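*Asks:* Numbers 1 to 982, taken from my numbering, label the letters of the sequence shown in order. Here a beta-carbon is modelled for each residue, glycine too, at the ideal position from N, C-alpha and C. Note that the coordinates shown come from a computational prediction; the quantities given were computed from them, not determined experimentally.
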Amino acid sequence: MRGFRTAYLAATPWLLGTAICTSFALIAPAAAQTTTGSIRGIVSSDGKPVAGGEVSARNLATGATRRAAIGAGGRYALSGLQPGSYEIDYKASDGASTRQQVTIGVGQVATLNAQVQTAAAAAESQPATSSGSNIVVTAAQLVETRTSEIATNVSTRQIENLPQSSRNFLNFADLAPGVRSSNSETRKTFSSGGVSQGRDGESLAAPQVNVFIDGVSLKSNVQQGGLVGQDSSRGNPFPQAAVQEFRVLSSNFKAEYEDAGTSVITAITKSGGNDFHGEAFGFYQDAGLRAKDYFQKKNDLAEPAYKRKQYGASLGGPIIKDKLFFFAAYEGNDEDRAQNVLIGQADPANLARFGQYQGSFLSPFREDLGFAKLSWQAGDSDRIELAGSIRKEKEIAGFGGQVAYDGASVNRNKVYTGNLRWTHDKGDFLNEASVDWLYYGFTPSPLNPDMVGQDYEGVIRLGGGSTAQKVVQKGLTFRDAATFSNVDFLGGSHVIKVGAKLSLQDYEVTNQLNFNPVFNYRISASQGLDYSFPAEARLGTGNPTVEAKNTQIGLFVQDDWEVDDHLTVNLGLRWDYETNAKNNNYETSPAAIEALRSLETQLAGQPGNIFRADDYISTGNNRKPYWKAFQPRVGLSYDIKGDQSTVLFAGYGRYFDRTLFRNAAEEALLDQYEVRTFFFSRDGLPRNGQPTIQWNDAYLSRDGLQGLIDSGIAPNGELRVIRNDTRPPSTDQFSVGIRQKVGVLRTSLSYTHIKAKDQVGYTPLNRSTTPNANGFYDTIVVPGYGTVVGLTQARASKYDGIFLTIDKPYSKSSPWSLNLAYTMAFSKERGYSFNFDFPRVEEQPYRPNAGNERHRVVLSGMVDLPWGIQASSLMQWGSGQPYLVTDQSAGEGVNQIIASTGKTKDFRQVDLRLTKTVALGGGKEIQLIAEAFNIFNRANFGGYDGFIPYPVNDPDGNPNFGTPNSLAGPPRSFQFGARFRF
Numbered sequence: 001m002r003g004f005r006t007a008y009l010a011a012t013p014w015l016l017g018t019a020i021c022t023s024f025a026l027i028a029p030a031a032a033q034t035t036t037g038s039i040r041g042i043v044s045s046d047g048k049p050v051a052g053g054e055v056s057a058r059n060l061a062t063g064a065t066r067r068a069a070i071g072a073g074g075r076y077a078l079s080g081l082q083p084g085s086y087e088i089d090y091k092a093s094d095g096a097s098t099r100q101q102v103t104i105g106v107g108q109v110a111t112l113n114a115q116v117q118t119a120a121a122a123a124e125s126q127p128a129t130s131s132g133s134n135i136v137v138t139a140a141q142l143v144e145t146r147t148s149e150i151a152t153n154v155s156t157r158q159i160e161n162l163p164q165s166s167r168n169f170l171n172f173a174d175l176a177p178g179v180r181s182s183n184s185e186t187r188k189t190f191s192s193g194g195v196s197q198g199r200d201g202e203s204l205a206a207p208q209v210n211v212f213i214d215g216v217s218l219k220s221n222v223q224q225g226g227l228v229g230q231d232s233s234r235g236n237p238f239p240q241a242a243v244q245e246f247r248v249l250s251s252n253f254k255a256e257y258e259d260a261g262t263s264v265i266t267a268i269t270k271s272g273g274n275d276f277h278g279e280a281f282g283f284y285q286d287a288g289l290r291a292k293d294y295f296q297k298k299n300d301l302a303e304p305a306y307k308r309k310q311y312g313a314s315l316g317g318p319i320i321k322d323k324l325f326f327f328a329a330y331e332g333n334d335e336d337r338a339q340n341v342l343i344g345q346a347d348p349a350n351l352a353r354f355g356q357y358q359g360s361f362l363s364p365f366r367e368d369l370g371f372a373k374l375s376w377q378a379g380d381s382d383r384i385e386l387a388g389s390i391r392k393e394k395e396i397a398g399f400g401g402q403v404a405y406d407g408a409s410v411n412r413n414k415v416y417t418g419n420l421r422w423t424h425d426k427g428d429f430l431n432e433a434s435v436d437w438l439y440y441g442f443t444p445s446p447l448n449p450d451m452v453g454q455d456y457e458g459v460i461r462l463g464g465g466s467t468a469q470k471v472v473q474k475g476l477t478f479r480d481a482a483t484f485s486n487v488d489f490l491g492g493s494h495v496i497k498v499g500a501k502l503s504l505q506d507y508e509v510t511n512q513l514n515f516n517p518v519f520n521y522r523i524s525a526s527q528g529l530d531y532s533f534p535a536e537a538r539l540g541t542g543n544p545t546v547e548a549k550n551t552q553i554g555l556f557v558q559d560d561w562e563v564d565d566h567l568t569v570n571l572g573l574r575w576d577y578e579t580n581a582k583n584n585n586y587e588t589s590p591a592a593i594e595a596l597r598s599l600e601t602q603l604a605g606q607p608g609n610i611f612r613a614d615d616y617i618s619t620g621n622n623r624k625p626y627w628k629a630f631q632p633r634v635g636l637s638y639d640i641k642g643d644q645s646t647v648l649f650a651g652y653g654r655y656f657d658r659t660l661f662r663n664a665a666e667e668a669l670l671d672q673y674e675v676r677t678f679f680f681s682r683d684g685l686p687r688n689g690q691p692t693i694q695w696n697d698a699y700l701s702r703d704g705l706q707g708l709i710d711s712g713i714a715p716n717g718e719l720r721v722i723r724n725d726t727r728p729p730s731t732d733q734f735s736v737g738i739r740q741k742v743g744v745l746r747t748s749l750s751y752t753h754i755k756a757k758d759q760v761g762y763t764p765l766n767r768s769t770t771p772n773a774n775g776f777y778d779t780i781v782v783p784g785y786g787t788v789v790g791l792t793q794a795r796a797s798k799y800d801g802i803f804l805t806i807d808k809p810y811s812k813s814s815p816w817s818l819n820l821a822y823t824m825a826f827s828k829e830r831g832y833s834f835n836f837d838f839p840r841v842e843e844q845p846y847r848p849n850a851g852n853e854r855h856r857v858v859l860s861g862m863v864d865l866p867w868g869i870q871a872s873s874l875m876q877w878g879s880g881q882p883y884l885v886t887d888q889s890a891g892e893g894v895n896q897i898i899a900s901t902g903k904t905k906d907f908r909q910v911d912l913r914l915t916k917t918v919a920l921g922g923g924k925e926i927q928l929i930a931e932a933f934n935i936f937n938r939a940n941f942g943g944y945d946g947f948i949p950y951p952v953n954d955p956d957g958n959p960n961f962g963t964p965n966s967l968a969g970p971p972r973s974f975q976f977g978a979r980f981r982f
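(1) Enumerated in chain order, which unbroken segments of the beta strand (DSSP E) with a length of 3 residues or greater are wholly contained in the region 926 to 955?
(2) Check this for me: beta carbons of residue 463 and residue 406, under 7 Å apart or not?
(3) Rounded to a whole number of angstroms, what is the C-alpha to C-alpha distance between residue 514 and residue 838?
(4) Starting from residue 377 and walking both ways along the beta strand (DSSP E), at which residues does that stretch end?
(5) Using a threshold of 6 Å, is the CB atom of residue 420 nearer than that to any non-hydrogen atom of the ligand FAD?
(6) Expressed to the nearest angstrom, what Euclidean distance is found between the alpha-carbon atoms of residue 607 and residue 769?
(7) My parser needs the beta strand (DSSP E) runs of 3 or more residues fully inside the region 689 to 717; what are they?
(8) Would you tell me roughly how many angstroms separate the C-alpha atoms of residue 316 and residue 211, rounded to the nearest one?
(9) Check residue 624 in the structure and name its three-state DSSP category.
(10) From the DSSP output, in three-state form, read off residue 724 for me.
(11) I'd like to confirm the pairing. Which residues does DSSP put opposite residue 487 in its beta bridges?
(12) Short of 7 Å in beta carbon distance, which residues of its chain neighbour residue 655, apart from the five on each side in sequence? Order them along the chain.
(13) What does the alpha-carbon distance come out to for the pair residue 750 and residue 825?
(14) Which residues does DSSP list as the beta-bridge partners of residue 424?
(15) Specify whether the region 765 to 779 and the region 156 to 171 touch according to this definition: at least 3 beta carbon pairs, one from each stretch, less than 8 Å apart.
(16) Report back the beta-carbon spacing between residue 887 and residue 896 to the nearest angstrom; my notes put them in contact at under 8 Å.
(17) If you reduce the DSSP assignment to three classes, tell me which class residue 593 lands in.
(18) Beta strand (DSSP E) containing residue 340: first to last residue?
(19) For the beta strand (DSSP E) holding residue 822, just list the boundary residues, first then last.
(20) Could you please give me the residues that DSSP links to residue 415 through a beta bridge?
(21) Rank 67, 591, 269 by C-alpha distance to the C-alpha of residue 428 and give the top, closest one.
(22) Can you tell me where the beta strand (DSSP E) holding residue 985 begins and where it ends?
(23) Output the residue ranges of the beta strand (DSSP E) runs that lie fully inside the region 447 to 533 and measure 3 residues or longer, sorted by chain position.
(24) Consult DSSP for residue 298 and reduce its assignment to one of helix, strand or coil.
(25) Between the beta-carbon of residue 571 and the beta-carbon of residue 638, is there less than 7 Å?
(26) Can you look up residue 841 in the DSSP assignment and give me helix, strand or coil?
(27) Using a 10 Å radius around the Cβ and a threshold of 16 neighbouring Cβ atoms, would you call residue 612 buried or exposed?
(28) If you draw a straight line from the C-alpha of residue 403 to the C-alpha of residue 948, how long is it?
(29) Could you tell me the distance, in whole angstroms, from the CA atom of residue 793 to the CA atom of residue 842?
(30) My guess is that residue 111 and residue 146 are in contact by the Cβ rule of under 8 Å, so how many angstroms apart are they, rounded?
(31) Taking the Cβ atom as the reference point for each residue, do residue 419 and residue 444 lie within a distance shorter than 7 Å?
(32) Would you check if the distance between the CB atom of residue 554 and the CB atom of residue 501 is smaller than 7 Å?
(33) With distance defined between alpha-carbon atoms, name the residue in 802, 710, 782, 765 nearest to residue 753.
(34) Are the region 695 to 708 and the region 558 to 565 touching, with three or more C-beta to C-beta distances below 8 Å?
(35) Let me check one thing: in DSSP terms, what residues is residue 891 bridge-paired to?
(36) What residue from 980, 969, 973, 931 has the CA that sits closest to residue 185's CA?
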């Protein structure tokens, strides 16, 4: 590693030198598009562009002012505007002027043209209005039209007023076409583009998304879930009370956006201003406000106890007027839900033996979220912000169904962030820079680690949990981005942005898999098995921890070129680099090398064999970092009439994600920490050709199994390896569409194609290259290991989507809104996370995956009613995510077909909120809120039995095929709350 870094510094001193120098200078936020907005346009007088002058934008909340010169052709560009409301003053060099109030959203590059008049002319005419079709002189929300990005802005009004049960702002990603939030209560993230589309995410491939909050990336580089803290958690990533607004980029985002193969969310937080503002709120729900769900009614079960309290407060205002401001927010979530434990095969014998373990047991969840920010307007040209957030949660989970309460785990989740930003602007130059820090720690552990696990197959699982983990990701990231506006060359006007990123990452993965042994029991007269002794046991031993350091570097350049009043061209190039994404210092052990060499020898000469041991053997210096992550991004838009009423757009881009470090970590873990499987019998004779150990009650403990290992009586474990040339997964995205204004409605129709390659999966390596007569690949025995499993990147996917949006924004003059997002999707995939029946992934056909939901509609809106009442609704309909089917009707092994082809019931959910606002005077008000979720009590199913057995093994087939076994959403439930504001 040291040699590589020395060589790299020698080869490219300008790169690291620039990044490090700007870092130590502490110049503030990452890329303007992720935290700010921009306004561009043409200033005219009497129908002709003005020659010279100035445009200024005054923030109505803080009084801060940005200025830009009016350049050639009357063009101007205001970059780096903090999202919010502004008073825009246009002053031509001859004294002609006009003024408007508008609101700009995060990430938007809006077009705002203006007509200026002299004082004499203004006195003889009506007050000036903008020639841009989307602006009125009432601080109206600007609408971005001349962009090649497919993006959706979610406003403060929508976040605060649409119905939502959990206060997770990511749920509103559903308002964007092509994006859907997870229905899993324990992996609350979002996905897009059909890439690695599992119903609850996947254990190996994150959904290739990223979330920025004030420019701080919450990307998980180690754990699944896409975002830090969102794997195996029912918590929220950030206090919703602190989120001002956010932007969902569904496709073709620009070069400044990083580490995402499919979609990005960029959010900004609230800030203090010259007036004090704040709120306090509380929401309550309990079992009496929830209907029984489908399975509780079907099985005649009592409804489990349930109680949830969500509460919080925020406060912002001035410390020094026009100069120094503060904002702080806190949210708490106290949730107590009961899980029912029910034994399977509840015959009299099992009830007598295990009945005492049945019942309803409490699963408490506690979460605390906090955020604080200081904003200092250091001068006319400089703004400095210091912010930090905290997330802490604890839950007792992992039991219920056929897992007794003793098997529960205590899950602890911590995420801390800090961010220092400095924005400097001077006319047409803007510099934004930041240093941010992130800590993520996830530590699930058994509630009863001293009780060995005992799993009675199909009946109940007793004893303590088997596995403890500790996953830590720490990052210190420096960024700098410089924007040059009104650059005039090749005709038209350019806004050019260049940026750099340097991120120092520390990773730790501890996975004590089966450190607490699990003994499996089953009844089989033909195999001499009963509950008097276990059929097998599993125990993990060795060093369970892998640590590594990684440096991430990113560079980008983006040119947004307004060629003329009609054509805008977006040209960008991004390059990303990581020094240690693959645990480069890892050295394959001698035992593993012997096994791989033996495997290469045995496979030599088999038809189609491509296995080479050297592709997987790491010497500690032969894993070279991937340096080819160049990502061109090109887009254009054409405003047909020049008035933003009809705009054509198209774009293409390449996007690299991250290869989760856990893939490399588990290679080392499974080499230094083995899980042994012991097979037991009453007499010690072989069973199904598998040697067994004669059972002794002394083995029923960790020490007892360890004694077998020490005496050399233990089977071999798994060898897992990754290729030395493993690359980060990537996508190529292409889109084309049209935006059309129809009266008060803004509509958009687009098509997008996403091709994903180099996705992560695993396949058995110690298998023959051709299947046997029964459709299975024969196992090849290697010394020291039972199985050899290798990472494959032959996994790939293809996605085609048609997106339609219709938006009518809310305004005081027209107090209702309507937002429709429709998605038609065709999604298919080659390969899966584990490909044990089809080890030659590259030869598999593309088959539908869970992203292949043909139709999906999300409709939201709100309306002001008499007597201070507002009604809002969020309605979702989907034709149904297909479920996974394993079809063995034509045989087992390679003869079976595995694909997401199961036809589900369509998904329907209608949520409603009613808010009564009572004015208290002096700018104070109280809101009484009633919400109903899934008001028609639709049973929306999340999973089905998808197994079709081989007729030779089961002539009667599977009578439960197509039977639902889980839910994707709540039963009808109500929630009540109150909010005080000032």
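*Replies:* By the coordinates alone:
(1) 941 to 944
(2) yes
(3) 28 Å
(4) 359 to 379
(5) Here there are no bound small molecules, and the ligand FAD is not part of this structure.
(6) 6 Å
(7) none
(8) 24 Å
(9) coil
(10) coil
(11) 494
(12) 260, 261, 631, 730, 731, 733
(13) 12 Å
(14) 382, 431
(15) no
(16) 6 Å
(17) helix
(18) 324 to 341
(19) 816 to 830
(20) 391, 440
(21) 67
(22) Limits of the chain in this structure are 1 at one end and 982 at the other, which puts residue 985 out of reach.
(23) 453 to 456, 460 to 462, 468 to 487, 493 to 512, 518 to 521
(24) helix
(25) no
(26) helix
(27) exposed
(28) 26 Å
(29) 9 Å
(30) 5 Å
(31) no
(32) yes
(33) 802
(34) no
(35) Per DSSP, none; premise fails for residue 891.
(36) 969
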